[in-house]
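Here's the structure, in structure tokens; my notes come after.
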Amino acid sequence: MISTRKSAKYVALLAGSALVLSACATSGESDDEATVGGGAAETEPGDDASAPAAGGEGTFTWAYEQEIFSYNSDTADTNASANAVALNPVLRGFWYFGPDGSVVPDEEYGSFEVTSEDPLTIEYTFAEEAVWSDGEPIDCDDAVLYWAAQNGGFPEFSAAGNTGYEDHARPDCADGDKTFTVTYETPYADYAATYGAIKPAHILEQESGVEDIIAAVDAGDAAALTPAAEFWNTGWNFAPGEWNSDIALSSGPYLVDSWDAGQSITYTANPEWWGTPPASDTIVTRFIGQDAQAQALQNGEIQAMAPQPSPDLLAQLEAIGDAVEVEGQDQYTYEHWDFNFQGEFADPILREAFALCLPRQTMIDNLIAPLNPEAEVLNARFVFPFENGYQEVVDAAYADQSEQDIEAAAALLEENGLTGTTLRLGHNANPRRQQEAALIVDACGPSGAGFDVQDIGNENFFEADGELATGAFDVAQFAWAGSPLKSGSVSTFECVPEGEPKGNNNGYYCNEEVDALLEQLTQEPDPDAQLELVTQIETILWEDLATIPGFTFPGLLATASGVEGVVYNPTQADLTWNAWEWRNTAQ
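Residue numbers (mature numbering (1 follows the signal peptide of the UniProt record, and there is no 0)): -25 to -1, 1 to 562.
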């Protein structure tokens, strides 16, 4: 059966988590075609649809487009969906994103509570039984390492973002403690979404030669922290197929059993997991391009898929018939274009010309509307069209800076002697991005506005040595996979001090007025006040043309008959947010 679903509006919770980059009103079904637009799934953890089946048996296989490349997705170079999605079954933390976008405490991993509001003080407690897959306890050392790597006070460590962790001193605990206390120097509204996917400190100590990470942090011992940071930054990065389970430990229901480069990752039940047993003994992630996933589902090679949808892909799924069920959802993921402020596009004239020629509406018409007829051009970065307050923010902040006018773009380049300027357009080479790039070449290239557009899209764009990480681009075309959490976008737009890693700010954009507003945003718990701050921030981002948003992704979930426990998640957690509840009853 093919169906579409639109749920009630999202819960606009306000908690913080760094965005990860992604490669990627009425209900009912049309008589003519299924569409992919819609709202978030209404299922909550514990509902029948997501409850784990008893027994823990069999194998569940699903398809994903991108291959993992690091166990540590919290560095500037590894902060990617490919890593985070792959590790949801392996690394747990004090919270997770639920299927409505809300922040849910992970009570199997541990607990936390506010013990003081002034100053804001949080007490965290790891589950007494919580151990790494090698049997070592999860404790204070792990919390201190996680804080030090993301606090920003130890520049040797690369971090995707410091938001939240820079606002408090090191966790108050001693070696071996199961409880640690965090006291904020300035309030942080989104404290509930910190300390997730904590990494094993004893492995870092073992591999870096640091005897005691807590002592090194307390002493500010550069001689010890340098090798520790070197391991944090790169020691958990793996070449395809070369996973090392001795150092990439599990704190969740599954551990990585094997990795067949370019083909699949196999997860098996973690014998040291102390929580609810997983519903399936084995999970297999097959790396399959989105254009081949429907065929794999039809052939029984996979039981679930949630790729970036396209009209062709939806047509393939429709043709399968009753053997699959397809759900359409909205996503907290949006396509956008980032400028490289360390190159020629630091020139506002070039940014303006590109904004004028960029065919955002054509992309909607050709690539998105066939999936979601209600799709519209996105004119904000901190709030989405399906969220409360979106139109008010856009009405106040957006002044048509990016409405397409190719003639005006061409005139602007010609008047300033910039016709023929090279524009290296970087992206990962999946089918939709290639189509987007072709539309940009037509509109902005020599026969359009007059740029010399060089499409440098390739499969390695997101890698640690790819164009995005090394800055070998003029305009980067990719997506941020996020959540309703407004502070999750802070690290994308805050200034990067000279000599420090860029984090999520791939283009090195900097505006001190924006920085001040972002700081206020992270401290503001009131949703209405947050929207006022977001409006001010968006106004400046449009004036600066810091980035250009394009459209929110329509989401799609397709499952085979006999599948239980698979629940769509519109946030950066993606489908594996509850992988331990998946079961294939048809085998």
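Beta carbons are placed, not taken as given, at the ideal position from N, Cα and C, and that holds for glycine.
Using beta carbons (cut-off 8 Å, strictly below), is residue i in contact with chain C?
i           : result
residue 174 : Protein chains in the displayed structure number just one, and chain C is not present.
Quick check: what's the CA-CA separation for residue i versus residue j?
i           : j           : result
residue 477 : residue 522 : 16 Å
residue 139 : residue 423 : 45 Å
residue 284 : residue 311 : 17 Å
residue 411 : residue 127 : 36 Å
residue 388 : residue 371 : 29 Å
residue 552 : residue 79  : 11 Å
residue 90  : residue 156 : 9 Å
residue 472 : residue 32  : 51 Å
residue 517 : residue 307 : 20 Å
residue 270 : residue 291 : 8 Å
residue 77  : residue 295 : 34 Å
residue 111 : residue 280 : 35 Å
residue 344 : residue 105 : 47 Å
residue 198 : residue 328 : 49 Å
residue 401 : residue 436 : 7 Å
residue 289 : residue 252 : 35 Å
residue 229 : residue 62  : 9 Å
residue 470 : residue 97  : 28 Å
residue 100 : residue 86  : 5 Å
residue 29  : residue 377 : Because the pLDDT at residue 29 is just 38, under 50, the model does not fix this residue reliably, and the value given afterwards should be weighed accordingly. Going from the Cα of residue 29 to the Cα of residue 377 covers about 53 Å.
residue 337 : residue 150 : 58 Å
residue 239 : residue 334 : 36 Å
residue 194 : residue 214 : 34 Å
residue 365 : residue 506 : 9 Å
residue 444 : residue 374 : 31 Å
residue 453 : residue 141 : 28 Å
residue 455 : residue 369 : 19 Å
residue 502 : residue 484 : 26 Å
So, at 7 Å on beta carbons, what are the nonlocal neighbours of residue i in its own chain, with the 5 sequence-adjacent residues on each side left out?
i           : result
residue 498 : 161, 162, 163, 164
residue 232 : 241, 242, 243
residue 406 : 265, 266, 285
residue 488 : 515
residue 319 : 325, 396, 449
residue 492 : 508, 511, 512
residue 486 : 515, 519
Name, in chain order, the residues that DSSP records as bridge partners for residue i.
i           : result
residue 147 : 156
residue 531 : 303
residue 39  : 262
residue 54  : None, per the DSSP bridge assignment.
residue 499 : DSSP output for residue 499 lists no bridge partner at all.
residue 124 : Looking at the DSSP assignment, residue 124 forms no beta bridge with any residue, so it has no partner.
residue 240 : 234, 260
residue 119 : Residue 119 pairs with nothing; no bridge assigned.
residue 71  : 79
residue 451 : 313, 401
residue 99  : 87, 155
residue 44  : Residue 44 is not bridged to any residue.
residue 106 : 112
residue 558 : 539
residue 34  : 257
residue 92  : 95
If you measure from the CB of residue i, is any heavy atom of the ligand MN nearer than 7 Å?
i           : result
residue 130 : With respect to the ligand MN, the structure shown offers nothing to examine, as it has no ligands at all.
Going along the chain, which residues of its own chain have a beta-carbon closer than 8 Å to the beta-carbon of residue i, five neighbours each way excluded?
i           : result
residue 93  : none
residue 420 : 426, 427, 428
residue 543 : 15, 16, 74, 281, 302, 304, 530, 532, 550
residue 261 : 36, 37, 38, 39, 238, 239, 271, 276, 277
residue 351 : 339, 360, 526
residue 367 : 506, 510
So, for residue i: in the same chain, excluding its five sequence neighbours on each side, which residues have a beta-carbon less than 6 Å away from its beta-carbon?
i           : result
residue 431 : 399, 401
residue 391 : 324
residue 236 : 215, 216
Could you pull out every unbroken beta strand (DSSP E) segment of at least 3 residues lying fully inside the stretch 400 to 445, listed in chain order? 427 to 430
What runs of the beta strand (DSSP E), each 3 residues or longer, lie entirely inside the stretch 340 to 405? Within the stretch 340 to 405, complete beta strand (DSSP E) segments of at least 3 residues are found at 397 to 401, given in chain order.
Counting Cβ pairs closer than 8 Å, one from the stretch 495 to 513 and one from the stretch 353 to 361, do we hit at least three? yes
Which residue spans inside the stretch 268 to 321 form an unbroken beta strand (DSSP E) run of at least 3? 299 to 314
May I ask you to verify whether the stretch 68 to 79 touches the stretch 456 to 467, counting CB pairs closer than 8 Å and requiring at least 3? yes
Does the structure place the stretch 206 to 226 close enough to the stretch 173 to 191 that three or more beta carbon pairs sit under 8 Å? yes
Pair every Cβ in the stretch 528 to 537 with every Cβ in the stretch 293 to 308, then say whether three or more of these pairs are closer than 8 Å. Counting Cβ pairs under 8 Å, three or more are found: they touch.
Looking at C-beta atoms only, is the number of pairs between the stretch 120 to 135 and the stretch 200 to 210 that lie closer than 8 Å three or more? yes
Counting only runs of 3+ residues fully inside the stretch 165 to 238, write out the beta strand (DSSP E) ranges in chain order. 229 to 235
Suppose only complete runs of 4+ residues qualify. What are the alpha helix (DSSP H) ranges in the stretch 505 to 549, listed by chain order? none
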